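*Asks:* Quick note, the sequences are listed as chains D and V, same order.
Heads up: the first sequence is residues 1 to 449, going by UniProt numbering.
Heads up: the second sequence is residues 1 to 449, going by UniProt numbering.
Number of protein chains: 2
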Amino acid sequence: MEFKISKELITQLEELIRSGDDHQLETLLNDLHHADIAEILDELDFDDATYIFKVLDSEKTAEILLEMEDDVRENILKRLSPKEIAEELDELETNDAADIIAELSKDRKEEVISELQDVEHAKDIVDLLRYNENTAGGIMHKELVKVNENWSVLTCVKEMRIQAENISRVHSIYVVDDEDRLKGRLSLKDLLITSTRQQINDIYIRKLNSVKVDTEDVEVARIMQKYDLEAIPVVDELGRLVGRITIDDIVDVIRDEAEKDYQLAAGITQDVEASDSVLELTKARLPWLLIGFFIELVASVVLDGNEKAFDQYKTLIIFVPLLSATAGNIGVQASAIVVQGLANGTLKEFSRKYLSKELSVAMISGTIISVLLLIYHSLVFQQYLVGFAISISMIVVILFAGTLGTMVPLFLHKNKIDPAIATGPFITTSNDVFGIILYFTIAKLILGL
Amino acid sequence: MEFKISKELITQLEELIRSGDDHQLETLLNDLHHADIAEILDELDFDDATYIFKVLDSEKTAEILLEMEDDVRENILKRLSPKEIAEELDELETNDAADIIAELSKDRKEEVISELQDVEHAKDIVDLLRYNENTAGGIMHKELVKVNENWSVLTCVKEMRIQAENISRVHSIYVVDDEDRLKGRLSLKDLLITSTRQQINDIYIRKLNSVKVDTEDVEVARIMQKYDLEAIPVVDELGRLVGRITIDDIVDVIRDEAEKDYQLAAGITQDVEASDSVLELTKARLPWLLIGFFIELVASVVLDGNEKAFDQYKTLIIFVPLLSATAGNIGVQASAIVVQGLANGTLKEFSRKYLSKELSVAMISGTIISVLLLIYHSLVFQQYLVGFAISISMIVVILFAGTLGTMVPLFLHKNKIDPAIATGPFITTSNDVFGIILYFTIAKLILGL
Chain D
1 MEFKISKELI
11 TQLEELIRSG
21 DDHQLETLLN
31 DLHHADIAEI
41 LDELDFDDAT
51 YIFKVLDSEK
61 TAEILLEMED
71 DVRENILKRL
81 SPKEIAEELD
91 ELETNDAADI
101 IAELSKDRKE
111 EVISELQDVE
121 HAKDIVDLLR
131 YNENTAGGIM
141 HKELVKVNEN
151 WSVLTCVKEM
161 RIQAENISRV
171 HSIYVVDDED
181 RLKGRLSLKD
191 LLITSTRQQI
201 NDIYIRKLNS
211 VKVDTEDVEV
221 ARIMQKYDLE
231 AIPVVDELGR
241 LVGRITIDDI
251 VDVIRDEAEK
261 DYQLAAGITQ
271 DVEASDSVLE
281 LTKARLPWLL
291 IGFFIELVAS
301 VVLDGNEKAF
311 DQYKTLIIFV
321 PLLSATAGNI
331 GVQASAIVVQ
341 GLANGTLKEF
351 SRKYLSKELS
361 VAMISGTIIS
371 VLLLIYHSLV
381 FQQYLVGFAI
391 SISMIVVILF
401 AGTLGTMVPL
411 FLHKNKIDPA
421 IATGPFITTS
431 NDVFGIILYF
441 TIAKLILGL
Chain V
1 MEFKISKELI
11 TQLEELIRSG
21 DDHQLETLLN
31 DLHHADIAEI
41 LDELDFDDAT
51 YIFKVLDSEK
61 TAEILLEMED
71 DVRENILKRL
81 SPKEIAEELD
91 ELETNDAADI
101 IAELSKDRKE
111 EVISELQDVE
121 HAKDIVDLLR
131 YNENTAGGIM
141 HKELVKVNEN
151 WSVLTCVKEM
161 RIQAENISRV
171 HSIYVVDDED
181 RLKGRLSLKD
191 LLITSTRQQI
201 NDIYIRKLNS
211 VKVDTEDVEV
221 ARIMQKYDLE
231 AIPVVDELGR
241 LVGRITIDDI
251 VDVIRDEAEK
261 DYQLAAGITQ
271 DVEASDSVLE
281 LTKARLPWLL
291 IGFFIELVAS
301 VVLDGNEKAF
311 DQYKTLIIFV
321 PLLSATAGNI
331 GVQASAIVVQ
341 GLANGTLKEF
351 SRKYLSKELS
361 VAMISGTIIS
371 VLLLIYHSLV
381 FQQYLVGFAI
391 SISMIVVILF
401 AGTLGTMVPL
411 FLHKNKIDPA
421 IATGPFITTS
431 NDVFGIILYF
441 TIAKLILGL
């Protein structure tokens, strides 16, 4: 059922472009979904993609524009005139159009806006450009159906038919007063089963969730998920209805939020992608590497200071990588579980009960690993005291790493810092260094050095 | 506007429960949204939560059940009779009811099903229990509006009003033939603006996406996102319409999928949570720790074998933690970017262009770090040749880690293994060991050992 892109199709399209057979190109592509055409254009070179783009109808290409990869879109837009871009934007919903305009350079932006044909639409788009992209205002669209509380159902249905023309999904009908202030909602279903003689005032639902234009997008996502909403109206400071956010606008916010933790854990920043330039990639990654570098310099000082100890007991030094890797793994595991617990609400703040659970896990794991280490050390090196010292240090370091792994994200969270940082390179390399210090301290104590 | 839970409210509720003032409890809670009441019950002890649960109307409690934390729900269900549970399930949508039944023990499951009052509903629920939870069948619900292609719009509207009674969101109206095979769809909006004398056959849209009952849930999510769908019908092997999946069912799939990468990176398994028992947590974490342990034992063997080298040049050994941390960070960064690229489609397979980009990033970062290391080493230890040897090894190890970090996820992806494993403990500790081997090999070569 689903479309699958093929090498043959790509070659066929390239040949049609060479021969300038626009009619055949149109026939071939017109039946495809715009998301599929976007996939095809991603595979072509930019000039060919632009060629096809100009052949197809702007109603179709506008939607294609939204689905393309960023760099392909950027390059196609470069090859279009401001008037051609404006024609595309006239076909789009306000928030999609605003997102594309926001990607343009300042000069082009103004040129494109001045070429927009539909004045109302243009006003809405310009209005949306004012908002910060991480707020409700930045992700809302202007398309919605609203009716006045003083209308009858009959007037309402007539008005709705006009308004709904430009809207792909109605969801709710919002009810406003004469000053455009949001008062409540009507469901399309209710309207279907109500007599046309009724007054809106008598049938609308007065209770409804809304968000302000400056509410953060992640907060909007949280509210919509909690109350299981498919759309939420957005109001300005005076309570006037200015836009609407639908669940598909929020899906990206939810995914980005979940991916952010992964990126923090991996020491890359959110804005970086495989398709970015070497310079951008380096700028995103080098800072974390340098932080790690300076922290690990401390480890070299610690090792340097313990030279006498490992000169005497060689095995002390050769298990350092094992020790720091194990401590690192335990710490990251502990932090990740806390980060998740904070995100899904099963964990809200520090609790002694939870910490003691983590310490039990660390104790069990630590004991198993230390016993294995003791056995290995005894078999291979036959130095029982130093093996014992290393194993005991190992348990202590594991308990320490588990505690730190639990406490750091809780501490960060309490101080309004994203707790997922605790699973990233900064904290994990710090853990390394603390682990090594602790390890030598305890081992030397036991060995009487 | 939004409800905020308070300590006062909790205390007040606890007092009302003690004094058995059910009426006051109802008044206090009836105005709240079920998601808010769920939050309150999460804070109470299980007996109090059950008490409130029994006081409130089952129409409300059924929805509350869905929003509660897993362990609270489990404990409340334990305190309810099969008949009481069945009363709750009668109020729920089929897929939500099936999800709750799936959590019960086998005996309770059958008891509860036999107590269900609405026979049609019960049949639908039992039907849903057959499907694997990670397939379209496992996440779909039975509630949908369908009309026969041979009806008139008038019959259709009448039928729809009946069917829509039990459905919170209509989205699309599906059109089936006499054998219940899915033929197409009608939009609610179209229906609003069509004359009642028209035939469904003349106005319905024949093209529509659907998925099979056994399509994987992540694939359903991908299709719905790609084609920007708010609902998708599910058909069985014979093309008969058996259910529907809406975007809110998919939001969880999308979030789980994004979170899974983070969990793999952190070396914990997907099924584990902060609220799980010590035993479950240990079972999820210990395997990764042991894998890391055995891999790092190799590092100890390598260090042991290079004893002569670092006896002669002490600084060789003290920079091992720095070296392995840097290599680890570079490797994880490289892998994470590839994993993301594969997930969002900007990267599809191995490309020389992308690898050379990664190598450029590694080369720039490696050079900067190595120069810093050389300066530090020269200033502190005044041994220029060994400083040079360490720095050169560092660059090589960084280039190697960048390459491995890029190639491993691509290789895993090609072999249908989740590439995010490459950012987890298994690969990162392996990188450590390879890095240490390479480091000593090159340093010894330069130093003529």
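From the three backbone atoms N, C-alpha and C, an ideal C-beta is built for every residue, glycine too.
Computed from a predicted structure; not experimentally measured.
Would you say residue 454(D) lies against chain V (beta-carbon separation less than 8 Å)?
*Replies:* Residue 454(D) cannot be examined here, being either before or after the span of chain D that is shown, 1 to 449.
*Asks:* Assuming A422(D) and L412(D) form a contact by the criterion Cβ under 8 Å, report the distance between their Cβ atoms to the nearest whole angstrom.
*Replies:* As a first step, residue 422(D) is located in the first sequence; it is residue number 422 there, counting from the start. As a first step, residue 412(D) is located in the first sequence; it is residue number 412 there, counting from the start. Sure, about 6 Å apart at Cβ, within 8 Å.
*Asks:* On the DSSP bridge list, what partners appear for E216(D)?
*Replies:* Residue numbering aside, residue 216(D) sits at position 216 when the first sequence is read from its first letter. In the DSSP output, where bridge partners are listed per residue, E216(D) has T135(D).
*Asks:* Could you check the C-alpha separation between S356(D) and A362(D) for me, to the nearest Å?
*Replies:* As a first step, residue 356(D) is located in the first sequence; it is residue number 356 there, counting from the start. As a first step, residue 362(D) is located in the first sequence; it is residue number 362 there, counting from the start. C-alpha separation (whole angstroms): 10 Å.
*Asks:* Could you tell me which residues DSSP pairs with S152(D) in its beta bridges?
*Replies:* Counting from one through the first sequence, the residue named residue 152(D) turns up at place 152. Note: S152(D) sits in a beta bridge opposite Q199(D).
*Asks:* Can you pull the DSSP bridge partners for A231(V)?
*Replies:* On the second sequence, residue 231(V) is found 231 positions in, with the first residue counted as 1. Paired residue(s): T246(V).
*Asks:* I'd like to check one pair, A258(D) with R255(V): are the Cβ atoms closer than 8 Å?
*Replies:* Working through the second sequence from its first residue, we reach residue 255(V) at position 255. Working through the first sequence from its first residue, we reach residue 258(D) at position 258. Cβ atoms of R255(V) and A258(D): closer than 8 Å.
*Asks:* Exposed or buried, V329(D), counting other C-beta atoms within 10 Å across all chains shown (16 or more means buried)?
*Replies:* The sequence position of residue 329(D) within the first sequence is 329, counting from 1. The question names Val, but residue 329(D) is Asn in the sequence shown. By the neighbour-count rule (16 or more Cβ atoms within 10 Å), N329(D) is buried.
*Asks:* Just confirm the distance between the C-beta atoms of A86(D) and E63(D), as a whole number of angstroms; I'd bet it's less than 8 Å.
*Replies:* The residue labelled residue 86(D) in the question sits at position 86 within the first sequence. The residue labelled residue 63(D) in the question sits at position 63 within the first sequence. Wrong, their Cβ atoms sit about 16 Å apart, outside the cutoff.
*Asks:* Does L104(V) come out as helix, strand or coil in the three-state DSSP assignment?
*Replies:* The sequence position of residue 104(V) within the second sequence is 104, counting from 1. Of the three classes helix, strand and coil, the one that applies to L104(V) here is coil, per DSSP.
*Asks:* Taking 8 Å as the CB-CB cut-off, is W151(D) touching chain V?
*Replies:* Taking the first residue of the first sequence as 1, we reach residue 151(D) at position 151. With 8 Å as the cut-off, W151(D) does not count as an interface residue toward chain V.
*Asks:* At what residue ranges does the segment 48–127 of chain D contain a whole run of the alpha helix (DSSP H), taking only runs of 4 or more?
*Replies:* Listed in chain order, they are 58–67, 70–78, 82–90, 94–103, 106–115.
*Asks:* Quick one: residues in its chain with C-beta nearer than 6 Å to the C-beta of V242(V), no 5 flanking neighbours on either side, listed in chain order?
*Replies:* Here residue 242(V) refers to the residue found at position 242 when the second sequence is read from its first residue. So the qualifying residues of the chain are V234, D236.
*Asks:* Answer yes or no: do T346(D) and A136(V) have a C-beta to C-beta separation smaller than 8 Å?
*Replies:* Counted from its first residue, the first sequence places residue 346(D) at position 346. Counted from its first residue, the second sequence places residue 136(V) at position 136. Cβ distance not < 8 Å, so T346(D) and A136(V) don't count as in contact.
*Asks:* Specify whether the segment 244–254 of chain V and the segment 126–146 of chain V touch according to this definition: at least 3 beta carbon pairs, one from each stretch, less than 8 Å apart.
*Replies:* In short, these stretches touch, since the Cβ pair count reaches three.
*Asks:* Name the residue from S6(V), N75(V), I317(V) whose alpha carbon lies nearest to the alpha carbon of F46(V).
*Replies:* Stepping through the second sequence from its first residue, residue 46(V) is reached at position 46. The option with the nearest alpha carbon to F46(V) is N75(V).
*Asks:* Tell me the residue span of the beta strand (DSSP E) that contains L41(D).
*Replies:* Stepping through the first sequence from its first residue, residue 41(D) is reached at position 41. Looking at the DSSP string, L41(D) is not in any beta strand (DSSP E); the run it does join, the alpha helix (DSSP H), is 34–43.
*Asks:* By the criterion of Cβ-Cβ separation under 9 Å, what are the contact partners of N134(V) in chain D?
*Replies:* Residue mapping note: residue 134(V) aligns to position 134 of the second sequence, counting from 1. What N134(V) touches in chain D: nothing, since even the nearest Cβ is about 18 Å away.
*Asks:* Thinking C-alpha only, which one of V371(D), D304(D), T315(D) is nearest V301(V)?
*Replies:* Taking the first residue of the second sequence as 1, we reach residue 301(V) at position 301. Residue T315(D) is the option with its Cα nearest to V301(V).
*Asks:* Would you verify that the beta carbon of H23(D) is, or is not, closer than 8 Å to some beta carbon of chain V?
*Replies:* Taking the first sequence and counting its residues from 1, the one referred to as residue 23(D) is at position 23. By this cut-off, H23(D) is not an interface position.
*Asks:* Please compile the residues from chain D whose C-beta is within a distance smaller than 7 Å of the C-beta of S333(V).
*Replies:* Indexing the second sequence from 1 puts residue 333(V) at position 333. Looking at the sequence shown, residue 333(V) is not Ser but Gln. Within chain D, the residues near Q333(V) are A266, G267, I268, R285.
*Asks:* At least one CB of chain D closer than 8 Å to the CB of V361(V): is that the case?
*Replies:* On the second sequence, position 361 is the one that residue 361(V) refers to. Yes, contact with chain D.
*Asks:* Check whether the Cβ of D261(D) lies closer than 8 Å to any Cβ atom in chain V.
*Replies:* For the purposes of this step, residue 261(D) is identified with residue 261 of the first sequence, where counting begins at 1. Yes, D261(D) lies at the interface with chain V (some Cβ there is under 8 Å from its Cβ).
*Asks:* Would you kindly check if the distance between the Cβ of L128(V) and the Cβ of T94(V) is under 8 Å?
*Replies:* Locating residue 94(V) in the second sequence gives position 94, where the first residue counts as 1. Locating residue 128(V) in the second sequence gives position 128, where the first residue counts as 1. Yes; because the gap between Cβ atoms is below 8 Å, this pair is in contact.
*Asks:* Please list the terminal residues of the continuous alpha helix (DSSP H) segment that includes K414(D).
*Replies:* Position 414 of the first sequence, counted from the first residue, corresponds to residue 414(D). Counting along the chain, the alpha helix (DSSP H) containing K414(D) begins and ends at 384–414.
*Asks:* Check the Cβ-Cβ distances between P82(D) and every residue of chain V, and say whether any is below 8 Å.
*Replies:* What you label residue 82(D) is simply residue 82 of the first sequence in a count that begins at 1. It does not; no Cβ of chain V falls within 8 Å.
*Asks:* Examine chain D for any beta-carbon lying closer than 8 Å to the beta-carbon of S58(V), and answer yes or no.
*Replies:* In the second sequence, residue 58(V) corresponds to position 58, counting from 1. So, not an interface residue.
*Asks:* For H33(D), count the other beta carbons within 10 Å of its own beta carbon; 16 or more makes it buried, fewer makes it exposed. Which is it?
*Replies:* The residue labelled residue 33(D) in the question sits at position 33 within the first sequence. H33(D) should be labelled buried.
*Asks:* Rounded to the nearest angstrom, what separates E159(D) and V147(D) at their Cα positions?
*Replies:* Reading the first sequence from its first residue, position 159 is the one you call residue 159(D). Reading the first sequence from its first residue, position 147 is the one you call residue 147(D). For E159(D) and V147(D), the distance between alpha carbons rounds to 8 Å.
*Asks:* Count the other CB atoms within 10 Å of the CB of D311(D); is the residue buried (16 or more) or exposed (fewer)?
*Replies:* Within the first sequence, residue 311(D) is the residue found at index 311, counting from 1. Exposed: under 16 other Cβ atoms inside 10 Å.
*Asks:* R185(D) by DSSP, collapsed to three states: which one?
*Replies:* Taking the first residue of the first sequence as 1, we reach residue 185(D) at position 185. Residue state, collapsed to three classes: strand.
*Asks:* Is there contact here, the segment 424–432 of chain D with the segment 289–296 of chain D, by at least three beta-carbon pairs under 8 Å?
*Replies:* Yes: at least three Cβ pairs fall under 8 Å.
*Asks:* Taking the beta carbon of T406(V) as the centre, do at least 16 other beta carbons fall within 10 Å, making it buried, or is it exposed?
*Replies:* Position 406 of the second sequence, counted from the start, is the residue given in the question as residue 406(V). T406(V) is buried by the Cβ-count criterion.
*Asks:* Which same chain residues, not among the five before or five after A299(V), have their C-beta less than 7 Å away from its C-beta?
*Replies:* Numbered from 1 along the second sequence, position 299 holds the residue referred to as residue 299(V). Cβ neighbours of A299(V) beyond the five flanking positions: D432, V433, I436.
*Asks:* Verify the CB distance criterion: does A274(V) have a CB-CB separation below 8 Å to chain D?
*Replies:* One-based indexing of the second sequence puts residue 274(V) at position 274. It does: the Cβ of A274(V) has a partner Cβ on chain D nearer than 8 Å.
*Asks:* For a contact meaning CB atoms closer than 8 Å, what does H33(V) contact in chain D?
*Replies:* Locating residue 33(V) in the second sequence gives position 33, counting from the first residue. Per Cβ cutoff of 8 Å: Y227.
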